[in-house]
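Numbering (the numbering used here), first residue to last: 43 to 400.
Here's the structure, in structure tokens; my notes come after.
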């Protein structure tokens with residue numbers, strides 16, 4: 043919450059608003075209290091649809107909202123959006139808003155099981171968003187998907203934002219490494235984040251260029267859907283081509299070490315890690331996929347590659363190895379693109395104006 047909505051909370055407080063937050067217990071961290079707002083932990087499953095657990099979540103949110111009597115409710119990620127909106131409507135909250143931060147793994151795989159889940163998720167979203175005054179979308183592909191599936195039937199409710207924005211002072215430009223080339227991946231070690239493609243490309247390139255470094259920063263949780271296989275992770279570690287760092291509290295020192303940032307994800311809302319790397323003046327390699335493609339002007343501040351395959355990613359990485367002058371050139375373009383669209387102050391202004399709180 044601190045990373046994704048902390049700046050928005052601070053902007054609300056600066057306008058004299060009193061803010062409280064219902065936070066899933068799995069995501070609760072003591073640092074959340076540093077925001078200076080009332081925090082209410084809520085039991086909420088991170089993944090999957092369990093009717094019994096989800097009804098308990100809905101009831102807990104309803105009781106909390108009835109007690110607090112807020113003038114407005116703002117939800118983000120699927121369960122808080124759906125159940126938070128329905129609970130707020132039942133509790134008589136006059137102004138309800140939601141942020142769509144991506145469609146998740148259900149919409150990245152077109153299997154028979156996932157098609158059934160897509161129908162269920164679409165119905166849940168439709169029910170929740172029918173209560174909303176405005177719905178914020180971080181990329182045009184998600185908005186189009188919601189329109190085509192009939193999830194959001196009133197187009198006037200939709201508001202496009204450039205992700206959640208990035209704090210350009212906190213993620214200030216840092217000098218590029220003086221020697222060698224380092225490619226950095228930041229994200230949970232999930233199949234849909236493209237970690238397999240990153241490691242496969244790294245393995246081949248290290249065989250050709252032993253001095254090039256490849257670093258992966260992010261947690262591994264085998265209980266999450268679509269986590270990379272434990273056997274694959276151990277094999278990559280044994281090969282030694284990629285340095286696996288694990289979860290870190292502050293990604294800035296790692297971005298500062300890298301020459302090029304890589305996120306070959308299959309689908310995102312707008313990837314915060316990419317925006318942070320862009321703000322720190324790093325070129326980007328990411329997927330030509332929803333949520334990712336908006337962050338790169340192909341050939342200007344980086345390269346867009348086909349998702350789900352390693353060969354195009356490998357070739358994009360090789361371009362930087364063979365043409366190192368591209369790195370500083372594209373690095374400056376990344377920062378310029380952030381200044382133009384992704385400054386958190388600009389993004390928050392759009393959100394607060396749409397909520398009539400500016």
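From the three backbone atoms N, C-alpha and C, an ideal C-beta is built for every residue, glycine too.
Query	Result
By the three-class DSSP mapping on this structure, what secondary structure does residue 126 have?	helix
Please say whether residue 245 and residue 281 have beta carbons closer to each other than 9 Å?	yes
Within the continuous beta strand (DSSP E) that includes residue 155, where are the two ends?	Taken as a continuous stretch (DSSP letters only), residue 155 belongs to no beta strand (DSSP E), being part of the alpha helix (DSSP H) at 154–171.
Provide the residue span of the beta strand (DSSP E) that contains residue 141, from first to last.	137–142
With residue 393 as the anchor, note down where its beta strand (DSSP E) starts and where it stops.	Here residue 393 belongs to no beta strand (DSSP E); instead the alpha helix (DSSP H) covers 386–396.
Do three or more CB pairs link the segment 309–329 to the segment 199–210 at distances below 8 Å?	yes
Just curious, the alpha helix (DSSP H) that residue 94 is in, first and last residue?	93–110
Measuring alpha carbon to alpha carbon, tell me which residue in 92, 49, 192, 301 is nearest residue 77.	49
Taking the CB atoms as reference points, tell me whether residue 347 and residue 327 lie closer together than 9 Å.	yes
Rounded to whole angstroms, what is the Cα-Cα separation between residue 180 and residue 259?	24 Å
Can you give me the start and stop residues for the beta strand (DSSP E) that residue 176 sits inside?	176–179
For residue 398, is the classification buried or exposed, using 16 other Cβ atoms within 10 angstroms of its Cβ as the cut-off for buried?	exposed
If you check the beta carbons only, do residue 410 and residue 170 fall under 9 Å apart?	Residue 410 lies beyond the range of the chain shown here (43 to 400); nothing can be said about it.
Within this structure, are the beta carbons of residue 107 and residue 135 separated by less than 9 Å?	yes
Which stretch, first to last residue, makes up the beta strand (DSSP E) that contains residue 228?	224–228
Nearest-angstrom Cα distance between residue 389 and residue 250?	42 Å
Answer yes or no: do residue 307 and residue 267 have a C-beta to C-beta separation smaller than 9 Å?	no
Taking one C-beta from the segment 268–278 and one from the segment 379–393 each time, how about it: are there three or more such pairs within less than 8 Å?	no
When DSSP labels each residue in this structure, what does residue 305 get in the three-state scheme?	strand
Is the distance from the Cβ of residue 93 to the Cβ of residue 218 below 9 Å?	no
How is residue 295 classed by DSSP in three states: helix, strand or coil?	helix
Going by beta carbon distance, what residues of the same chain come within less than 8 Å of residue 368, once the five residues before and after it are set aside?	325, 361, 362
Measure the alpha-carbon distance for residue 43 versus residue 140 and round it to whole angstroms.	With a pLDDT of only 49 at residue 43, under 50, the local geometry of the prediction cannot be trusted, and no value is derived from it.
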